[in-house]
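**Student:** This is the structure I have questions about; it appears just below.
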Amino acid sequence: MGPRLDPRCPQRRLSRSRTISPRHGPLRCVSTCSPANPENSPDRALHRSHPPCYRITPRNCPACLVLLHDFIMPTFNADQLLSIAVQVLEGAGVPPADAAVVAAELRDANLVGHDSHGVMRLVQYVQMIDDGFVKPGGEFEVLRDAPAFAVADAHFNLGQVAATRALEIAREKARAVGTATVMVRNCNHVGRLGSYTHRAALDGFAAQMAVNSPGPGGVAAFGGIDKKLGTSPISMAVPAAGDAFVLDMTTSATAEGKLRVAFQKGERVADGLIIDGEGNPSTDPGDFYKDPPGAILPLGGPLLGHKGYGLSVMLDMFCGVLSGSGVARDDLPRGANGVWLTLLDIEQFLPKGEYDGWVARYIEHIKSSRRMPGVDEILLPGEIEQRRSKQRALEGVPIPEETWRQIRETAERLGVELAP
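Yeah, the sequence shown ends on 420 if you go by the working numbering, and it's all consecutive.
If you want it as structure tokens, here you go:
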């Protein structure tokens, strides 16, 4: 039997709005079969097999059987997310200006639906600061400066701060000479790459950004079992129809953050994304974090993973070696991103009207395709994120209860009383 809602439930109004206060009471497991006594239910085996996220309800309403994803997850608006992130970061010693930059990136990641790069990262960032891997307020030092390129050292500051500065430098140079490349070493986790390329595209640039992850990896080489490579994401964006085409992908079958989200929700992941510590296919994200640890497969999975594997190797060379940040290796406790950012000023390559005409015809060409059964619309890269951002700006952003609990605990440890 599927989840049902008892009409006596005092939370019925909340369930209809799909919004619930982050201060809502504690949660407990219930059965979708027999709430009074699940152990005596004929479906008790099914009850045990449900992931935890499908078996919780407000403690003060035992008659209410509600799906976590629709009704229980705390929901925040954009301003609340920004405020929470700023408070936690400043509490961890991040300068206010830098905290604002990082918080905005985390909020925007949640808004577009990339929750793996949203406020859930606050706990990780604070821990990295505590461990000395992140050095808040670190100088962004330009080591080499030329008309069309620059090499910089972020000195282990928060990655979003360094990436934002790199984007500013690349914009100035590309506007002056048509194209520019900025390489950054010793840059911590920069977050969602598509945020930077999207902003550049809205300013009239064609943009490409990629990072590698020196130090211990999370991705197996094609045919291997052990974690040897980083997820090495890459993003490209160009202006299109008043917004932009935005490609943002990892060279692995999935991002580590998406495994973390699934793990915290008690969900399984799709086939072909990860293996366990013995190299067996797995859909349990917990296998990635066990001992021996599992690994993420390269983009393309067990059959075509040589493609993602090849991309990952090349990005280690471009982002890691050319920036001076380093490459994937086992003998580092933790590495820092090497960043490769390139911009092209489109109007210095062809007139804007001509460019817009090409793009409009291309969109029409793609959208006119016949569709597979069950497909309502052909979407272009970045289109779903743009729509989701508008939707979440109106309806709010659901945050898994476990993520919210960890953020609250981190804030309490820092002596921060969250006031979203």
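For every residue, glycine included, the Cβ atom is placed at its ideal position computed from N, Cα and C.
So, V119 versus H198, is the Cβ gap smaller than 8 Å?
**Tutor:** As a first step, residue 119 is located in the sequence shown; it is residue number 119 there, counting from the start. As a first step, residue 198 is located in the sequence shown; it is residue number 198 there, counting from the start. In this structure, H198 does not lie closer than 8 Å to V119 by Cβ.
**Student:** Within 10 angstroms of its Cβ, does P147 collect 16 or more other Cβ (buried), or is it exposed?
**Tutor:** Translated into positions along the sequence shown, residue 147 becomes position 147. Exposed: under 16 other Cβ atoms inside 10 Å.
**Student:** Among the residues of its own chain, which have a CB less than 6 Å from the CB of C187, if the five just before and after it don't count?
**Tutor:** Counted from its first residue, the sequence shown places residue 187 at position 187. Cβ within range, chain order: A154, G159, A162, A336, N337, V339.
**Student:** My output table needs one value for G338: the three-state DSSP class, helix, strand or coil.
**Tutor:** Here the question's residue 338 lines up with position 338 in the sequence shown. DSSP places G338 in strand when its eight states are reduced to three.
**Student:** Tell me where the alpha helix (DSSP H) around K227 begins and ends.
**Tutor:** In the sequence shown, residue 227 corresponds to position 227, counting from 1. Premise fails: K227 lies in the beta strand (DSSP E), 227-229, not in any alpha helix (DSSP H).
**Student:** How many whole angstroms separate the CB atoms of S235 and D248, which I take to be in contact at a CB cut-off of 8 Å?
**Tutor:** By 1-based counting over the sequence shown, the position of residue 235 is 235. By 1-based counting over the sequence shown, the position of residue 248 is 248. So it is a contact: roughly 4 Å between Cβ atoms.
**Student:** Exposed or buried, P298, counting other C-beta atoms within 10 Å across all chains shown (16 or more means buried)?
**Tutor:** If you number the sequence shown from 1, residue 298 lands on position 298. Buried.
**Student:** Pick from N280, F222, D331, L350: whose alpha carbon is nearest that of G300?
**Tutor:** Locating residue 300 in the sequence shown gives position 300, where the first residue counts as 1. If we check each option's Cα against that of G300, F222 comes out closest.
**Student:** What did DSSP end up calling D145 once you bin it into helix, strand or coil?
**Tutor:** For the purposes of this step, residue 145 is taken as residue 145 along the sequence shown, with counting starting at 1. Correct three-state label for D145: strand.
**Student:** Would you report the Cα separation of D271 and S282, rounded to the nearest angstrom?
**Tutor:** Residue numbering aside, residue 271 sits at position 271 when the sequence shown is read from its first letter. Residue numbering aside, residue 282 sits at position 282 when the sequence shown is read from its first letter. So the two alpha carbons sit approximately 7 Å from each other.
**Student:** Between the Cα of R192 and those of A253, D108, H306, V238, spot the shortest distance and give me the residue it belongs to.
**Tutor:** For the purposes of this step, residue 192 is identified with residue 192 of the sequence shown, where counting begins at 1. Ranking the options by Cα distance to R192, first place goes to D108.
**Student:** Going by C-alpha to C-alpha distance, which of G294, L273, N77 sits closest to G305?
**Tutor:** Taking the sequence shown and counting its residues from 1, one reaches residue 305 at position 305. Minimum Cα distance to G305 is reached at L273.
**Student:** Determine, using beta-carbon pairs with one atom in the region 357-366 and one in the region 382-390, whether at least three such pairs fall under 8 Å.
**Tutor:** No, the region 357-366 does not touch the region 382-390.
**Student:** Looking only at its chain, what residues have a beta carbon closer than 7 Å to the beta carbon of L143, apart from the 5 residues adjacent to it on each side?
**Tutor:** Within the sequence shown, numbered from 1, the residue matching residue 143 stands at position 143. The answer, listed in chain order, is V151, A152, D153.
**Student:** Out of P239, K290, I129, D316, which has the shortest C-alpha to C-alpha gap to A360?
**Tutor:** Residue numbering aside, residue 360 sits at position 360 when the sequence shown is read from its first letter. Closest option to A360, Cα to Cα, is P239.
**Student:** Are the C-beta of T231 and some C-beta of chain C separated by less than 8 Å?
**Tutor:** The chain inventory of the structure shown lacks chain C, comprising one protein chain alone.
**Student:** Please state whether DSSP places M128 in a helix, a strand or coil.
**Tutor:** As a first step, residue 128 must be located in the sequence shown, where it is residue number 128. Correct three-state label for M128: helix.
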